[in-house]
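Numbering (our numbering), first residue to last: 11 to 414. Inspection log for the structure reproduced underneath, given as structure tokens.
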Amino acid sequence: MSKPVQAKRSSGPSPAVMTTYGRQDVVFEKGEGSWLVSTAGDRYLDCASGVAVNALGHAHPKLIAALTEQAAKVWHTSNLYRISGQERLAERLVETTFADKVFFCNSGAEACEGAIKVARRCQFVNGHPERVRIITFKGSFHGRTLAALAAAGNEKYLEGFGPPAEGFDHIELGDLAAVEKAIGPTTAAIMIEPVQGEGGVRTVPVEHLRALRALCDKHGLLLVLDEVQTGMGRTGKLFAHEWADIEPDVMAVAKGLGGGFPIGAILATEAAAKGMTPGTHGSTFGGNPLATAVGNAVLDAVLEPGFLEAVAQKGLALRQGLARLKDQFPHAVEEVRGQGLLTGLKLKPPAGDVVKACFDEKLLTVSAGENVLRVLPPLNISDEDLREVVNRVSRALASLPKST
């Protein structure tokens, strides 16, 4: 039976879209570089970057060219056949990282789910089917699928979705003694974000990452890194674990890898991936020609000489600018956090109020756990635009009542 024809709705959010997001009432119709333009003609300085996705900003000519060229050839064939762009991107990721093998998917949650499967399967084929438990950390975020939610253990996100998936032990971030105590005969791996983005831009000290690597080596565990938000140059290295001079066994990547086009990847060593044989995992759309064409173009840009060094320098300049705001607004700012261009302000007033105040200043930002404001500009933001970011955050903070 057909539904009755509805009257044309007035302007505003469509009731046809599920209300799983508290969306700002704005629609963007075009963008260029670090800027977005709304349908009302207003220009916004984008320091949300699609939540650390738009690594090269908007309408990057090389990404447009790569996507347009591939779109005129073939969009999708499935992984029943070889995909040349996928093979090239995998080879380049192997050349520039610890990994020997790459599996492509479509999102960060899928990459994290796949990384969990790789770790458990590795223990299985090594003769330890009992090793299925994974040590994770409170405050983490690994995606919205059921296993990814269980891995993070955040009650807020788990509520109402039935019993959490089994197999995860949640430890306080930084408590190395508790990690070692939690390791038992059924432990398969340790999974961690080098910087907890959603959890409040909490940077894991390099000494702690090195200690976790040593624990994995000591107990025969796999070290799984979630670099969905920290990867592809966001911290000033291609991947954040490089600051600690360690290598994981398995790594989840997404977000910046596609520069705005959906793509994720699981990277693994030969030893870690040995159990991933035909039929053990799959993805209909993963690594399709469109996604990998864009992924290769993103990698071209990020690997250009001096690009990553510039990200690190811009990150330092941004944190210095935000530190001045901490001194200027002690009633509002508690701490400046982050690494590279993954930056956060721990606030005294509600982070949502500051996001709104920034929005009123035509600056897009993102809130995070621990009452933190995330500032995530494109990696190629200009120095001029970076200074304007600090100016607009300053005006936003100044607009808040001191009693907030």
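Where a beta carbon is used, it is the ideal one built from N, C-alpha and C, also for glycine.
Could you give the distance in angstroms between the alpha-carbon of residue i and the alpha-carbon of residue j?
i    : j    : result
I144 : S48  : 44 Å
A81  : H229 : 48 Å
L415 : V385 : The structure shown does not extend to residue 415, since the chain is modelled only from 11 to 414, so the question has no answer here.
Q349 : P411 : 30 Å
A26  : V37  : 16 Å
T155 : A119 : 6 Å
W253 : I93  : 33 Å
S431 : L222 : Because residue 431 is not part of the residues shown, which for the chain are 11 to 414, the question remains open.
Y31  : V61  : 13 Å
A342 : S392 : 27 Å
R397 : G51  : 23 Å
R98  : I200 : 30 Å
L300 : V84  : 8 Å
Q330 : Y91  : 50 Å
T414 : P360 : For T414, the predicted model reports a pLDDT of 45, less than 50, meaning its position is unreliable and no value from the coordinates is stated.
D259 : E140 : 19 Å
W45  : G67  : 8 Å
P195 : H138 : 9 Å
I74  : N136 : 45 Å
V214 : S21  : 45 Å
What does DSSP give as the partner residue(s) for residue i in the beta ladder?
i    : result
M261 : L235 and L277
G43  : H68
L378 : According to the sequence shown, residue 378 is Ala rather than Leu. Paired residues: V382.
K111 : A278
H180 : T146
G354 : R347 and R384
R212 : Q206
T197 : R143
Y54  : L46
G151 : Inspection of the sequence shows that residue 151 is occupied by Phe rather than by Gly. In DSSP, F151 forms no bridge with anything.
A38  : A small correction: the amino acid at residue 38 is Phe; Ala does not occupy that position in the sequence shown. DSSP lists S48 as partners of F38.
L373 : L55
Is the beta carbon of residue j closer than 7 Å to that of residue i?
i    : j    : result
D56  : L277 : no
Q133 : A198 : yes
P122 : A158 : The residue you asked about is not Pro; residue 122 is Cys in the sequence shown. For C122 and A158, yes; Cβs fall inside 7 Å.
E42  : A69  : yes
E257 : F108 : yes
R131 : G285 : yes
V346 : L328 : no
L267 : G305 : yes
A275 : V263 : yes
M261 : V312 : no
A192 : F178 : no
L335 : S404 : yes
Is it buried or exposed for residue i, if we count other Cβ within 10 angstroms and need 16 for buried?
i    : result
M28  : exposed
K96  : According to the sequence displayed, residue 96 carries Gln and not Lys. By the 10 Å Cβ count, Q96 comes out buried.
F113 : buried
D110 : exposed
I126 : buried
R33  : exposed
Comparing the C-beta of residue i with each C-beta of chain C, is any distance below 7 Å?
i    : result
L267 : The structure shown has no chain C; it contains just one protein chain.
Task: Cβ pair count under 8 Å reaching 3, the segment 179 to 194 against the segment 352 to 363 - done: no
Open item on the list: Three or more C-beta pairs under 8 Å: does that hold for the segment 203 to 215 against the segment 235 to 249?
Closed with: yes
TODO: Please determine if the segment 310 to 328 and the segment 360 to 380 are in contact, where contact requires at least 3 C-beta pairs separated by less than 8 Å.
DONE: no
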